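Student: Before I ask anything, here is the structure I am working with.
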Amino acid sequence: MARYYPIFVNLEGKNCLIIGGGKVAERKAATLLDYKANIRIVSPQVGDTINKWSQENLLSWRKGEFRESDLKDIFMVFVATDNRKITEYVVQLCRSRGIMVNAVDDPPNCDFFVPSILRQQSLVIAISTEGKSPMFAKRLRKELEELITPAYGELVELLGEQRDFVKKNIHNICERGKLFEEMVYSDALELLKIGEKDKARERIKKCISSWWG
């Protein structure tokens, strides 16, 4: 089995096609909505939620069976149907056109997998078993949720506030790296864990100011 390269993709404004209208398709659409993708759904029938989203113009739904023309201008495809012939047909077409395709619960027909995600603001941890055991990935995510609290996401935001300033004022990459390391390993995280966000921000700023003596 191939090894899969982990990557984060910006889907904002990208055309993503979902073939199918059941609960699995609904979950895929819900996630894509969070990332501001342009969602197109093709299915003879859809559930109430997808129908509602379509009426609200959050996505587009074409009622009917898949047609080759549905792939026009598509960036990414999710196949969420239990019809094996349709799945194999869609996958073949996508691969011939260089379109990334994911056939739900069918690893050989997947060019990519959707990981189990733990998110705390801009801190994102993605867990994948390369299709071998999505349930274990889900279990591991739940265990990590006990460790990676909202304080970790808050720290990332505070560090992000200062990143451009540091890059603009410290041109030496090695020196810049040392300062970033000092900021990351300060006690700012511990302060955030006890709700002292202002003190955590000041601690990071102090790391920066002390760099100039």
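Under our numbering, the residues of the sequence shown are numbered 797 to 1009, in order.
We put the beta carbon where it would ideally sit given N, CA and C, even for glycine.
Being a predicted model, the structure only gives us computed values, none of them experimental.
#1: So Phe-874 is in the beta strand (DSSP E); what residue range does that whole segment cover?
#2: In the DSSP output, what is Trp-857 paired with across the bridge?
#3: Output the distance between the C-alpha atoms of Gly-853 and Asn-898, rounded to the nearest integer angstrom.
#4: Please list the terminal residues of the continuous beta strand (DSSP E) segment that includes Cys-812.
#5: Should Glu-808 and Lys-832 be called a contact, given that it needs their Cβ atoms to be closer than 8 Å?
#6: Nearest-angstrom Cα distance between Arg-891 and Lys-993?
#7: Assuming Leu-813 and Asp-866 are in contact, meaning their beta carbons sit under 8 Å apart, how far apart are those beta carbons, in whole angstroms?
#8: Starting from the C-beta of Arg-937, find all residues in its chain whose C-beta is less than 6 Å away, skip the five residues before and the five after it, and write them out in chain order.
#9: Enumerate in chain order the residues of its own chain whose CB-to-CB distance from Glu-978 is below 6 Å, with the five nearest sequence positions on each side excluded.
Tutor: This is what the structure gives:
#1: Here the beta strand (DSSP E) through Phe-874 covers 872 to 875.
#2: Partner(s): Ile-837.
#3: What sits at residue 853 in the sequence shown is Asn, not Gly. Straight-line Cα distance between these residues: approximately 24 Å.
#4: 811 to 815
#5: yes
#6: 49 Å
#7: The pair is a contact, with the Cβ atoms about 6 Å apart (cut-off 8 Å).
#8: Ser-912, Leu-914, Ile-923
#9: Cys-1003
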